[in-house]
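At position 48 of the sequence shown (counting the first as 1) the number is 48 in this note's numbering, and the numbers step up by one without a gap. The block underneath contains the structure these notes are about, expressed in structure tokens.
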Amino acid sequence: MYSDIIAEQKKKYGKRLAILGHHYQSDAIINHTDLKGDSLELARRIEQLEAEYIVFCGVHFMAESAAIVRRENQKVYIPDASAGCVMANMAPAWLVDKVLTRLMEESGRKIIPLAYVNTPAAVKTVCGKHGGTVCTSANAEKMLRWAQEKGDAVLFLPDRNLALNTAEALGIAPEKCMILNIRSEGTLIDVAETKDKELLIWPGLCAIHQRFKLDQIKKFRAEYPDCKVIIHPECPPELVQAADGSGSTSYLIKYVNEAPAGTTIVVGTETNLVLRLKDMFPEKNILPLGTSYCSNMAKITEKNLAELLQNLETAPYEDVSDEIREPARLALQRMLDVCK
Ligand code: 13P
Ligand code: SF4
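The structure is reproduced here in structure tokens:
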């Protein structure tokens with residue numbers, strides 16, 4: 001059994017090994033983790049970990065971010081490096097750099113890049129080099145305020161839903177926001193049109209959260225008039241506005257935990273987490289807004305985790321070149337400093 005192999009290897013390595021898991025991992029994986037959390041919580045913990053071997057059960061950008069902030073004696077592994085976040089791949093670094101440079105040169109304005117943590121390391125490098133930073137869904141409001149204070153406008157990427165939901169929460173008027181047309185390498189952007197905008201938004205999105213529809217919320221409200229609806233801010237703005245609450249995966253867990261017994265709570269996020277909430281809180285009526293699994297999160301299995309742990313000494317680990325690491329670390333560190 002793979003679970004026996006994992007248990008054996010954990011015993012063998014003891015405190016030298018830490019297995020981290022994002023909330024969207026399956027229960028089979030979560031059961032083996034030493035630490036589970038949302039993107040911010042996990043990123044924050046890396047440096048404080050005693051372990052020299054850090055195995056990240058999540059998608060690639062999470063392991064890569066851990067590799068950026070790790071200490072020198074630590075190595076970061078992911079059981080399947082092909083577990084990429086589709087949204088993260090919507091903003092390649094070369095294009096972000098090209099669009100940002102053009103916007104600044106042609107408008108004469110200082111534009112601060114603010115990258116959602118769901119981005120490749122090289123995008124974080126672009127942010128670090130241009131005085132920008134990183135955010136997660138848990139601190140997007142705080143980090144957008146931070147970025148606004150540093151320049152004339154902010155380029156938020158790659159999640160347009162998180163950008164629009166954060167703008168709404170901060171009271172940034174819709175006419176001050178602009179979703180960029182990045183086709184033809186960004187040459188179609190009318191720079192004159194960007195000049196009075198506070199927030200320039202990359203048009204990426206997460207298909208797993210985009211799948212939810214306003215009608216689903218309406219249907220639950222009709223069937224359960226007293227229900228509460230909570231969703232992840234990667235969902236479209238019209239859904240966030242119709243919900244009772246929206247926040248990171250840890251926010252969703254906290255909300256359910258604090259709700260009185262008997263409450264019906266409709267949860268709009270990745271299905272592994274919603275089903276876990278249902279099991280964790282049987283005294284509450286937890287209903288999925290819809291079924292939506294992240295197929296990349298699902299690439300981490302007990303099989304590939306067991307195989308990695310059996311070959312830890314020789315397995316390839318996540319690393320980034322110094323050229324990428326230093327500016328990317330600076331961008332991440334700015335976020336960690338603001339959100340201590
Ligand atoms: P959290 O930061 O809320 O855990 O979300 C990460 C993510 O990828 C959501 O799709
Ligand atoms: Fe990326 Fe969406 Fe999967 Fe999160 S749920 S890892 S944003 S594809």
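The beta-carbon is built from N, C-alpha and C at its ideal position, and this holds for glycine as well.
Beta-carbon spacing of residue i, residue j below 8 Å
i	j	result
Thr291	Asp38	no
Ser350	Asn272	Outside the modelled stretch of the chain, which goes from 1 to 340, sits residue 350, for which no answer is possible.
Val265	Ile230	The residue asked about is misnamed: residue 265 is Ile in this sequence, not Val. Yes, the Cβ-Cβ distance between Ile265 and Ile230 is below 8 Å.
Residue i Cβ short of 7 Å to the ligand 13P heavy atom set
i	result
Leu289	no
Cys57	no
Ser65	no
Cys206	yes
Thr249	yes
Asn89	no
Ser39	yes
His130	no
beta-carbon residue i near the ligand SF4 non-hydrogen atom, thresh 7 Å
i	result
Tyr77	no
Asn161	no
Glu47	no
Val86	yes
His209	yes
According to DSSP, residues forming a beta bridge with residue i
i	result
Ser246	Ile231
Cys135	Tyr116
Tyr53	Leu17 and Lys75
Asn285	Thr264
Ala179	Contrary to the premise, residue 179 reads as Ile rather than Ala in this sequence. Answer is Ile201, bridged to Ile179.
Glu318	Val76
Gly37	His22
Residue range of the unbroken beta strand (DSSP E) whose run includes residue i
i	result
Ala112	What sits at residue 112 in the sequence shown is Ile, not Ala. It spans Ile111 to Tyr116 - the beta strand (DSSP E) in which Ile112 sits, taken as one unbroken run.
Pro262	Pro is not the amino acid found at residue 262; the sequence shown has Gly there. First-last for Gly262: undefined, no H or E at that position.
Status (buried if at least 16 other CB within 10 Å, exposed otherwise) for residue i
i	result
Trp202	buried
Gly21	buried
Leu188	exposed
Met280	exposed
Ser184	exposed
Ala91	buried
Residue i Cβ short of 7 Å to the ligand MN heavy atom set
i	result
Glu234	Summarising the ligand content, the structure contains the ligand 13P and the ligand SF4 and does not contain the ligand MN.
Span of the alpha helix (DSSP H) around residue i
i	result
Gly128	Ala121 to Lys129
Leu305	Glu302 to Gln310
Leu170	Arg160 to Leu170
Val342	Past the boundaries of the shown model lies residue 342; the chain is included only from 1 to 340, so the question cannot be answered.
Proximity test, Cβ basis, 8 Å: residue i and chain D
i	result
Asn304	Protein chain content of the structure displayed is limited to a single chain, and chain D is not contained in it.
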